[in-house]
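Trainee:
Protein chains: 2
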Amino acid sequence: MADVSPFGICQHGDVRRHRRQHVSEHAVAVAAQRLEEGQVGLVATHQVAGGLDHAAQEGCRFHRRHLRWIRIEAHAQVRAVAGGGTPPLVHERHRAILGGHLAGIVHRTPGLRGSPLCRHTDAVSPGRERCYARHVRIDVVLLPALGNEPFAGVCVVVDALRATSTIATLIARGVAEVVVTATVDEARALKAERLPAHLLCGEEGGLPPEGFDYGNSPAEFSQLDLRDRRVILTTSNGTRALARAADASLVFTGSLLNRTTAAHVALGEALRRGLDVALLCAGTDYGRAFSLEDTAVCGAVIERMVAGHEGPLTELALTDSAMAAYRLWRSYTSPRLLLGESTHGQALARLGLAADLDFCAQLDVYPVAPRLHRGADGSLVIRAT
Amino acid sequence: MADVSPFGICQHGDVRRHRRQHVSEHAVAVAAQRLEEGQVGLVATHQVAGGLDHAAQEGCRFHRRHLRWIRIEAHAQVRAVAGGGTPPLVHERHRAILGGHLAGIVHRTPGLRGSPLCRHTDAVSPGRERCYARHVRIDVVLLPALGNEPFAGVCVVVDALRATSTIATLIARGVAEVVVTATVDEARALKAERLPAHLLCGEEGGLPPEGFDYGNSPAEFSQLDLRDRRVILTTSNGTRALARAADASLVFTGSLLNRTTAAHVALGEALRRGLDVALLCAGTDYGRAFSLEDTAVCGAVIERMVAGHEGPLTELALTDSAMAAYRLWRSYTSPRLLLGESTHGQALARLGLAADLDFCAQLDVYPVAPRLHRGADGSLVIRAT
Chain H
11 MADVSPFGIC QHGDVRRHRR QHVSEHAVAV AAQRLEEGQV GLVATHQVAG
61 GLDHAAQEGC RFHRRHLRWI RIEAHAQVRA VAGGGTPPLV HERHRAILGG
111 HLAGIVHRTP GLRGSPLCRH TDAVSPGRER CYARHVRIDV VLLPALGNEP
161 FAGVCVVVDA LRATSTIATL IARGVAEVVV TATVDEARAL KAERLPAHLL
211 CGEEGGLPPE GFDYGNSPAE FSQLDLRDRR VILTTSNGTR ALARAADASL
261 VFTGSLLNRT TAAHVALGEA LRRGLDVALL CAGTDYGRAF SLEDTAVCGA
311 VIERMVAGHE GPLTELALTD SAMAAYRLWR SYTSPRLLLG ESTHGQALAR
361 LGLAADLDFC AQLDVYPVAP RLHRGADGSL VIRAT
Chain L
11 MADVSPFGIC QHGDVRRHRR QHVSEHAVAV AAQRLEEGQV GLVATHQVAG
61 GLDHAAQEGC RFHRRHLRWI RIEAHAQVRA VAGGGTPPLV HERHRAILGG
111 HLAGIVHRTP GLRGSPLCRH TDAVSPGRER CYARHVRIDV VLLPALGNEP
161 FAGVCVVVDA LRATSTIATL IARGVAEVVV TATVDEARAL KAERLPAHLL
211 CGEEGGLPPE GFDYGNSPAE FSQLDLRDRR VILTTSNGTR ALARAADASL
261 VFTGSLLNRT TAAHVALGEA LRRGLDVALL CAGTDYGRAF SLEDTAVCGA
311 VIERMVAGHE GPLTELALTD SAMAAYRLWR SYTSPRLLLG ESTHGQALAR
361 LGLAADLDFC AQLDVYPVAP RLHRGADGSL VIRAT
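Chains as they are written, first to last, in this note's numbering: chain H, 11 to 395; chain L, 11 to 395.
#1: Report the neighbours of D330 (chain H) on chain L: residues whose CB is nearer than 9 Å to its CB, in chain order.
#2: Just to confirm the assignment: which complete beta strand (DSSP E) runs, minimum length 3, are found wholly within the stretch 242-320 of chain L?
#3: Throw me the rounded Cβ distance for the T245 (chain L) and G212 (chain L) pair, which I believe falls under 8 Å.
#4: Give a yes or no on whether 8 Å exceeds the smallest Cβ distance from A170 (chain L) to chain H.
#5: To the nearest angstrom, how far is it from the Cα of A332 (chain H) to the Cα of I242 (chain L)?
#6: Can you pull the DSSP bridge partners for E325 (chain L)?
#7: Which term fits H383 (chain L), buried or exposed, when burial requires 16 or more other beta carbons within 10 angstroms of its beta carbon?
#8: Counting only the same chain and skipping the five closest in sequence on each side, list residues whose C-beta sits under 8 Å from that of G385 (chain H).
#9: With 8 Å set as the bound, which would you pick, yes or no: does the beta-carbon of A334 (chain L) sit closer than that to a beta-carbon of chain H?
#10: Using 8 Å as the threshold, is the C-beta distance between G309 (chain H) and R340 (chain H) below it?
#11: Tell me where the beta strand (DSSP E) around D366 (chain H) begins and ends.
#12: Going by the DSSP bridge assignment, what does H145 (chain L) pair with across the sheet?
#13: For L289 (chain L), decide whether its Cβ has a neighbour in chain H, counting only Cβ atoms nearer than 8 Å.
#14: Mind checking Y296 (chain H): buried by the 16 CB within 10 Å criterion, or exposed?
#15: Tell me the DSSP bridge mates of R393 (chain L)?
#16: Take every Cβ of the stretch 145-160 of chain L, pair it with every Cβ of the stretch 217-231 of chain L, and state whether three or more of those distances are shorter than 8 Å.
#17: Return the first residue and the last residue of the alpha helix (DSSP H) that L236 (chain L) is part of.
#18: Just by C-beta distance, which residues in the stretch 223-248 of chain H are closer than 9 Å to chain L?
#19: Any beta-carbon of chain L closer than 8 Å to the one on L338 (chain H)?
#20: Let me make sure I understand the geometry here. Which of H:G350, H:F222, H:C165 has the alpha-carbon closest to that of E196 (chain H)?
#21: Does DSSP put Y342 (chain L) in a helix, in a strand, or in coil?
#22: Taking Cβ-Cβ distances shorter than 8 Å, what residues in chain H pair up with S341 (chain L)?
#23: Mind listing which residues of the stretch 305-323 of chain H have their C-beta closer than 7 Å to chain L's C-betas, in chain order?
#24: The alpha helix (DSSP H) that contains E159 (chain L), what's its start and end?
#25: In the DSSP output, which residue or residues are listed as bridge partners for E220 (chain H)?
#26: Name, please, each residue of chain L whose Cβ falls closer than 7 Å to the Cβ of L152 (chain H).
#27: State the beta-bridge partners of E187 (chain H) as determined by DSSP.
#28: Taking the alpha helix (DSSP H) that V167 (chain H) belongs to, which residues open and close that run?
#29: Can you tell me whether E279 (chain L) is buried or exposed, with buried defined as 16 or more other CB within 10 angstroms of its CB?
#30: Taking DSSP's pairing of strands, which residues face V151 (chain L) in a bridge?
#31: List the DSSP bridge partners of L209 (chain H).
#32: Within the 8 Å Cβ cut-off, does A365 (chain L) reach chain B?
#33: Does the beta-carbon of G321 (chain H) have 16 or more other beta-carbons within 10 angstroms, so that it is buried, or is it exposed?
#34: When burial is assigned at 16 or more other CB atoms within 10 Å of the CB, is S344 (chain H) buried or exposed?
In structure tokens form, the structure reads like this:
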């Protein structure tokens, strides 16, 4: 029991408080995030718990050391509870076994869609409840092609140059809805056949296709009065990533322009609904190649999730890729250097679009969290909420 | 002409020298790295050149800003030259067109194997030669599954915890050859049927399988006298990555234990043969998941490539993922913090293998660059050279 402690995450000044609160009490918290549906009612897979030891080292970076294996056993008690969402959440309780002894009770909450998720944990010494902890796993998916399972939980799609920066700008300027398409032809057909009043916007090789009302320039959109207008937007990488994420429980778009609001809304919904968070990089070269700026901007969003989280920081657990994205973001002394250093940023500058680099490098100018909705016909529609 | 300048890379103290040498002369260098074979003799694809402007900002980080499009046209002149390798290198000269004017001559050198590579460039003002530059593209492949084309050029495989740390230790302790297998059964069969005198080493779930002579612990191997012994080594992630890389022109293994020697030998061979460099992360979860420590250790190798390179730093061009790996590595104040923060490092600590974490965190204790050879029967064999 004494060696088991919660997954740790920390920010400046908060480490010692949480160390005292959680670790010194040897509280047990079991992070059992991926129980399979078929294993309920049987002895389930091995799961892990994490520790906060040594968290004060190296300027309060994140640490998850001294973990121990926890075995999760099924438990008879299953109850339905009224959750924040629809349909109501279902709670199941399972035993967590450490070294042959009962280490805690795991509350398992299937997600609203997709694979079941488990994150509510009661930690108990045998026979007695000790503390209550709740975990949100924060992951960064570096390319849409990675991760062959459908996303569950809350997803934040990032195509910093320029699709999700454009979307933040459009929504902030009052656009009622943005219908996203993967190809220029699809956008033209949509305008001609079904949405004649929509503005036709987007890019092909970075520039506006012939006959389009506007390109994909957030700097240009920021100068327009777009109140209650509706927009069709076609982009290459951004649309692919949005389509990949569309079956998650909730999908938001993130960029430097709206990183704090996107971070707070996405994490707040994840905590409220008991879901994980996945930040999805659009990537370059049609989503096949790693993108420096998308990864670092995911780190910028994570930074605000951590800084803005009012509960115990032990509620957040970063994966390896989330940690790398956070550290990558923190390695830049200014967002302009990040965008100027990236291959895609340089390509935009070559096309004469350097003004968009400067525009997209602004932090938190738009307090919006644009949300993706999947239409009945499969269309991808983004609105303010 | 004035806006075109070479791809830049810099280290502390060297920026101003190279800025003066290259940029202030407005020298043209065309980085045309991936001309397709079928395009020779025709007008070829668009290619890019890079710039070193603003390189002095932000503590001498890498910068590649203010790029311009260069069009490469085929040129009649093709000559065979005696290269460092066998078969001899073939040189082809092509015109580089910028804004309708001749901007330079591109020397195209097909690689020894795989897709043709182009990196030798003569930069000229129309009719007059100005400077000579040569580029090595340094890339990091974050997972073996990424990049669906076969690797050309020089590859450095990194499975820091623990396969490539073990391999560096074995070779440094005098082992004559390490035969790598993907499965425990394959290793047992090899020992029983063909290599009875070899030591049987490796892991399954981190621990030595039954009947094996040793596990996969570099800390343990460092205590043994292994002069002229031969070893069969089975690992999960490491073997998969080595098999993925095996068809590259040259394959080395890298770890913190031998990062400087691996960096210098790999980059030296790439420069000598006119090849690119790809650092390949083994990843976790059978090569499907991003690994914090493998990516950062690739950055540690790149750091030594840059620091140890005696030619102009404009000879090196980092991709987005190489830049991210380098910055990730530089974000850690000590290698122990990196390995302790990684998910896989924590899993090893849970298994009681924390001594291996401390051992693998040592920098440059073994001056070896283990090299992978593909046997006639397809087997993967690693030797000192």
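No residue lacks a Cβ here, since even glycine has one placed at the ideal position from N, Cα and C.
Mentor: If we stick to the structure as given:
#1: T294, A299, F300, S301, L302, E303, T305, E351, S352, T353, H354
#2: 260-264, 287-291
#3: 6 Å
#4: no
#5: 36 Å
#6: Bridge partners of E325 (chain L): none, in fact.
#7: exposed
#8: V391
#9: yes
#10: yes
#11: Here D366 (chain H) belongs to no beta strand (DSSP E); instead the alpha helix (DSSP H) covers 364-370.
#12: The partner list for H145 (chain L) (beta bridge, DSSP) is empty, contrary to what the question assumes.
#13: no
#14: exposed
#15: L:R381
#16: no
#17: L236 (chain L) -> no alpha helix (DSSP H), and no H or E assigned at all.
#18: none
#19: yes
#20: H:F222
#21: coil
#22: R337, L338, R340, S341
#23: T305
#24: Careful: E159 (chain L) lies outside any alpha helix (DSSP H) and carries neither H nor E.
#25: Answer is none; E220 (chain H) lacks a bridge partner.
#26: L152, F300
#27: H:R240
#28: V167 (chain H) -> not in any alpha helix (DSSP H); beta strand (DSSP E) instead, spanning 164-168.
#29: buried
#30: L:L290
#31: H:V241
#32: Chain labels in this structure do not include chain B; the protein chains are H and L.
#33: exposed
#34: exposed
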